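**Student:** Those sequence lines, one after another, are chains A and B. Residue numbers for the first sequence, in numbering that gives the first Met the number 0: 0 to 126. Residue numbers for the second sequence, in numbering that gives the first Met the number 0: 0 to 145. Every residue, glycine too, gets a C-beta built ideally from N, C-alpha and C. In this text the structure is predicted, and so the values were computed from the model without any measurement. The structure follows.
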Amino acid sequence: MEDYIQFTSNLKDFKQDQKIVLTSKTSDLDVLKYYLSIQGPINKEVTLLLEKAIDVKKLEKENQDLFTLNEDDFLKELNSKKFKKKINEILEDYKKDQKKALYNSCKVYLLEKYFSKKEIFPSMHKM
Amino acid sequence: MSEIINFISSTQEYKAVKKMKVIPGVKEMDVLEFLVSVEVTTNLQINRLLEKIVDTNTFNLEIEKLFTKDVTSFIKEISSASFLKVIEKNILKDEYKKDKVLLDVLKSYSLNKYLLHNKIMEEDAVGYYKILFPARKKQLKKAILK
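Spelled out as structure tokens, the structure:
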């Protein structure tokens, strides 16, 4: 039986079929690159679904000034009480446990947007 | 035809099956949470493979030397030609030395370590894969009870 890894999706707006068959010639780096190649589209879809779940226009509009900051000030601002207050206002209609997850999602969303402009990523999902 | 998302790993080193069928009642947030759970797996595997490819202990010692720098300087440093030389000379095996993707992975790995070490970001705010969504929380509770 062959060794393989496969990711498939036939959702209306998210179609994927990526498979790697491991042979004696497949290196660990080949497998790592395969994982990276499926993480990119998955992360993009997560971002799109998040954009449907929260008011992204409002999120970006209210945080536009963050993108003009340098890295240190950007991260300071992202961890500030002022930022938390702003985001919680956007998420006021959500239940408490979902609110916490979405609050962190908003942080990741802005973090990835900010760092992707600098072509460096704080996690490997956008590579 | 029903809508599905499947992740299957059937290798000697790692076996996993994650499947989701999008039936009526499944919300977009459910799909999001499922995809994040796949990211948890892929991220773990990337880190496991990275440890096989690269001497991460030596690499960690190299980047730890830079942890006292501010974020801007740290990023500048890990993107510099001199740091690249250190990686190529001390960290990467010959067959991986010119691999651009691997170098980008190591940069990302470094920034992630830096942000967490200096407590600039919490682990659950660096990537979606660490966020505990309510449905996953329930799944985890179930798993703990078992």
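Short of 8 Å in beta carbon distance, which residues of its chain neighbour residue 85 (chain B), apart from the five on each side in sequence? Order them along the chain.
**Tutor:** 61
**Student:** Should the region 25 to 44 of chain B be regarded as contacting the region 35 to 42 of chain A, the criterion being three or more beta carbon pairs within less than 8 Å?
**Tutor:** Touching, per the Cβ criterion.
**Student:** Could you tell me the distance, in whole angstroms, from the CA atom of residue 51 (chain A) to the CA atom of residue 108 (chain B)?
**Tutor:** 29 Å
**Student:** Mind listing the chain B neighbours of residue 76 (chain A)? Cutoff is C-beta to C-beta under 7 Å, in chain order.
**Tutor:** None at all; the shortest Cβ gap to chain B is about 12 Å.
**Student:** At a Cβ threshold of 8 Å, is residue 70 (chain B) touching chain A?
**Tutor:** For residue 70 (chain B), the answer is yes, since a Cβ of chain A falls inside 8 Å of its Cβ.
**Student:** Would residue 114 (chain B) pass as an interface residue toward chain A - the criterion being a Cβ-Cβ separation below 8 Å?
**Tutor:** yes
**Student:** Output needed for residue 46 (chain A): all residues of its chain with C-beta closer than 8 Å, excluding positions within five of it in sequence on either side, in chain order.
**Tutor:** 108 and 111
**Student:** Does the pairing of the region 54 to 72 of chain B with the region 112 to 119 of chain B give three or more beta-carbon distances under 8 Å?
**Tutor:** yes
**Student:** Please list, in chain order, the residues of the region 91 to 102 of chain B that have any C-beta partner in chain A closer than 9 Å.
**Tutor:** The region 91 to 102 of chain B vs chain A, Cβ under 9 Å: 94, 95, 98, 100 and 101.
**Student:** Counting only the same chain and skipping the five closest in sequence on each side, list residues whose C-beta sits under 8 Å from that of residue 57 (chain B).
**Tutor:** 89 and 90
**Student:** Measure the beta-carbon distance from residue 21 (chain B) to residue 48 (chain A) and round it to whole angstroms, keeping in mind my assumption that it falls under 8 Å.
**Tutor:** Residue 21 (chain B) to residue 48 (chain A), Cβ: 12 Å. No contact.
**Student:** Quick check on DSSP: helix, strand or coil for residue 9 (chain B)?
**Tutor:** strand
**Student:** Do you know whose CA, among B:55, B:33 and B:98, lies nearest residue 3 (chain B)'s CA?
**Tutor:** B:33
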